[in-house]
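Undergrad:
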Amino acid sequence: MIFDSLVVFEPFSVNCYIFGDEATKQALVFDPGGDADAIAGRLEKHGLTPAEIVLTHGHGDHISAGAELVERYGAEIAASETTSEIIQDPQKNLSAAFGMPIRMPAATHVLAEGDTLELGEISFSIISVPGHEPGHLAFFSEKPLPDQTAPFVVLGDMIQMHSVGRTDFPHGDTQALIRSIQEKLYTLPDETVTLSGHGGASTIGYEKEHNMFVRADMSDM
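Note that the sequence shown covers residues -5 to 215 in the working numbering.
#1: Go to Q169, then tell me how far its alpha helix (DSSP H) extends in each direction, as first and last residue.
#2: Out of V64, P44, T77, which has the shortest C-alpha to C-alpha gap to H165?
#3: Roughly how many angstroms separate the alpha carbons of E177 and V208, rounded to a whole number?
#4: Quick one: what's got a C-beta closer than 6 Å to A72's C-beta in the same chain, skipping five residues either side?
#5: Classify A17: buried if its beta carbon has 16 or more other beta carbons within 10 angstroms, exposed otherwise.
#6: Across which residues does DSSP place G264 in a beta bridge pair?
#7: Note down, in chain order, each residue of its chain lying with its Cβ closer than 6 Å to the Cβ of G54, except the 5 sequence neighbours on either side.
#8: Taking the beta carbon of F217 as the centre, do at least 16 other beta carbons fall within 10 Å, making it buried, or is it exposed?
#9: My output table needs one value for L189: the three-state DSSP class, helix, strand or coil.
#10: Could you tell me the alpha carbon to alpha carbon distance between P26 and R160, rounded to whole angstroms?
#11: Report the partner residues of N205 according to the DSSP bridge assignment.
#12: For the beta strand (DSSP E) that S58 lies in, which residues bound it at each end?
#13: Within the continuous alpha helix (DSSP H) that includes L131, where are the two ends?
#14: Would L189 and Y11 be called neighbours here (beta carbons separated by less than 8 Å)?
#15: What would DSSP say about G68, mapped onto helix, strand or coil?
#16: Hey, quick one: how far does the beta strand (DSSP E) through G35 stretch, first residue to last?
#17: Distance check for H126 and D109, CA to CA, integer angstroms please.
#18: Which residues mark the beginning and the end of the alpha helix (DSSP H) in which S78 is found?
#19: Helix, strand or coil, according to DSSP, for G114 in the structure here?
#20: Which value, in whole angstroms, describes the spacing of the CA atoms of A30 and M98?
#21: Take the Cβ of T143 as the centre, count every other Cβ of all protein chains shown within 10 Å, and call the residue buried at 16 or more, exposed below.
#22: Report the residue from S122, L182, A195 whose alpha carbon sits nearest the alpha carbon of A210.
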C-alpha cells in the first residue's frame, strides 16, 4: 500500500488522504477539500491515478476539489446515498453559507454499512456513523498503514483528537453522534489509528479515555 496525506488549506483546512495500490498504481482519494492542484501533485509524486474519490460526508470543506478531480481523471465518486444528495446542493453541503457554492456530481458508487470498498490490496469495511451529517461513513482497514502494525480507520469529522464533530449545523444530531461513536467507533480495537478530517492522528483507545466530549462510559456525566 502507498499512503500519503496532505492538509489542504484553500478554502478550508482539511486532511486529504491518499491510498494507492502498488500493483495497479490506482488510488483512492478521501475527502478532497481545497486545492485540486496540490492533490494532483501528490498523486503525481507517487505515480498514481485516482480510481475513486471517496467521501466520508458531504460538507463543502471536504468536497471542494472533488468535481475538478473527477473531471481531470474520470474517477468514480464513492459516498453514501444521503451524501450523494448533499454534495449536489450548495445549501445542503453548507458551502453557500460561506459564499462559495460548491457542487459535485452524484455518487457513481453508492456505499452503505456492511459494504466493502476495495482497490487491489486495499480493503475498507464501511461503517455508518450518522451524527455530524446523516450520511456520514467511516472506513475501517484491518491492514495497517505502511511501517505500522495497528489497524486504522478514516472517520472524517466524527472524532478529532480530544474532540468530536460539530452538530449545530443543519441535520446535525448530537445524540446520534454519541451513539455512533460509542456503539460503532469505540467498539473497534483500542490500537486502531484514527485518521480524522481535521487535526492529527490518535487512537480509539486514547479517545475512549481522554475525549472529553464522548467517553466510552458516560454514565457519570
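Note that CB positions come from ideal geometry on N, CA and C, so glycine has one too.
TA: This is what the structure holds:
#1: 168 to 174
#2: T77
#3: 11 Å
#4: E46, V48, H103, L105
#5: exposed
#6: Residue 264 lies beyond the residue range present for the chain, which begins at -5 and ends at 215; the question has no answer from this structure.
#7: N87, L88, S89, I96
#8: Because the chain spans -5 through 215 in this model, residue 217 falls outside it and cannot be assessed.
#9: strand
#10: 20 Å
#11: BP columns for N205 are empty, so no partner.
#12: Counting along the chain, S58 falls outside any beta strand (DSSP E), and DSSP gives it neither H nor E.
#13: Counting along the chain, L131 falls outside any alpha helix (DSSP H), though it belongs to the beta strand (DSSP E) covering 131 to 135.
#14: yes
#15: coil
#16: Counting along the chain, G35 falls outside any beta strand (DSSP E), though it belongs to the alpha helix (DSSP H) covering 30 to 39.
#17: 21 Å
#18: 75 to 81
#19: coil
#20: 13 Å
#21: exposed
#22: L182
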